[in-house]
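Student: Protein chains in written order, with our numbering: chain A, 1 to 115; chain B, 116 to 232.
We treat Cβ as the ideally placed atom computed from N, Cα and C, and that holds for glycine.
1. Quick one: what's got a C-beta closer than 7 Å to residue 166/B's C-beta in the same chain, skipping five residues either side?
2. Can you check which of these residues, 161/B, 150/B and 177/B, is closest to residue 195/B by C-alpha distance?
3. Roughly how many whole angstroms lie between the Cα atoms of residue 209/B and residue 49/A?
4. Report the option in 76/A, 92/A, 89/A and 10/A whose CA atom is closest to the CA atom of residue 20/A.
5. Is the CB-CB distance between residue 128/B and residue 230/B below 8 Å?
6. If you count every other CB in all the chains shown that lies within 10 Å of the CB of residue 144/B, and 16 or more means buried, which is it?
7. DSSP on residue 41/A, reduced to helix/strand/coil?
8. Report yes if the CB atom of residue 14/A is closer than 8 Å to the CB atom of residue 115/A, and no otherwise.
9. For residue 56/A, name the three-state secondary structure that DSSP assigns.
10. Shorter than 8 Å from the beta carbon of residue 43/A to some beta carbon of chain B?
11. Cβ closer than 9 Å: which chain B residues qualify as neighbours of residue 109/A?
12. What is the DSSP secondary structure of residue 67/A, reduced to helix, strand or coil?
13. Are any of the Cβ atoms in chain A nearer than 8 Å to that of residue 174/B?
14. If you measure from the beta carbon of residue 234/B to each beta carbon in chain A, is any gap under 8 Å?
15. Is the Cβ of residue 164/B closer than 8 Å to any Cβ of chain A?
16. Taking 8 Å as the CB-CB limit, is residue 148/B close to chain A?
17. Going by C-alpha to C-alpha distance, which of 41/A, 46/A, 37/A and 45/A sits closest to residue 158/B?
18. Output, in chain order, the set of chain B residues within a Cβ distance shorter than 8 Å of residue 103/A.
19. Could you pull the DSSP bridge partners for residue 94/A from this structure?
20. CA-CA distance, residue 45/A and residue 173/B?
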């Protein structure tokens, strides 16, 4: 049981290049999320998927697209990378934990630099 | 919209002394609250969560937090700090998103905990 996995771990892009960040979970969770983390800002929600086949915008969706490929996988695409998208990206999935409460489980992150 | 305010960006304590990390939230209804910890260059790990079952919540590694509705606070404490506690701590509130069936997390900006030997 690997939990939430993300690839790649590190990436350097030039301005204008495109790339896709991959995320997969093996916990059979319905909901999945993409966040970005910037210094002094905490984490901010980019996009989420409440269930397979649905996606919605979060707080900071501009410049990104997502695909919920199946129940396990949720990818984040940068069509034309900009330096402002330099950040650490975290994928998460949501499921029931002890005590009947939901919590989000996070992947290890992808550190992206756009030059 | 919900929000979270972590009152200190940095907290420094000596090893073996108590830790207090302060958090206030705003919410239009009874929230779910969490504390997450992030060690350098690592992902986020759940420390503890409040979901209305009990106001004093115990988490991993000796941490606990008390939910005080009248003060809209959810402060994190630990009786005795250890060097391994040095990390970034995030107070988080959960809200139901408009898409339905999913909760979005609103993060505080984080408190950097420094442990002095």
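Tutor: Based on what the coordinates show:
1. 147
2. 177/B
3. 16 Å
4. Restricting attention to 76/A, 92/A, 89/A and 10/A, the CA atom closest to the CA of residue 20/A is found in 76/A.
5. Result yes, Cβ atoms of residue 128/B and residue 230/B sit closer than 8 Å.
6. exposed
7. coil
8. yes
9. It is a strand residue.
10. yes
11. 156, 157, 158 and 159
12. Residue 67/A: strand per DSSP, three-state reduction.
13. no
14. As shown, chain B starts at 116 and ends at 232. That puts residue 234/B outside it, with no answer to give.
15. yes
16. no
17. 37/A
18. 149, 161 and 164
19. 31/A and 104/A
20. About 27 Å.
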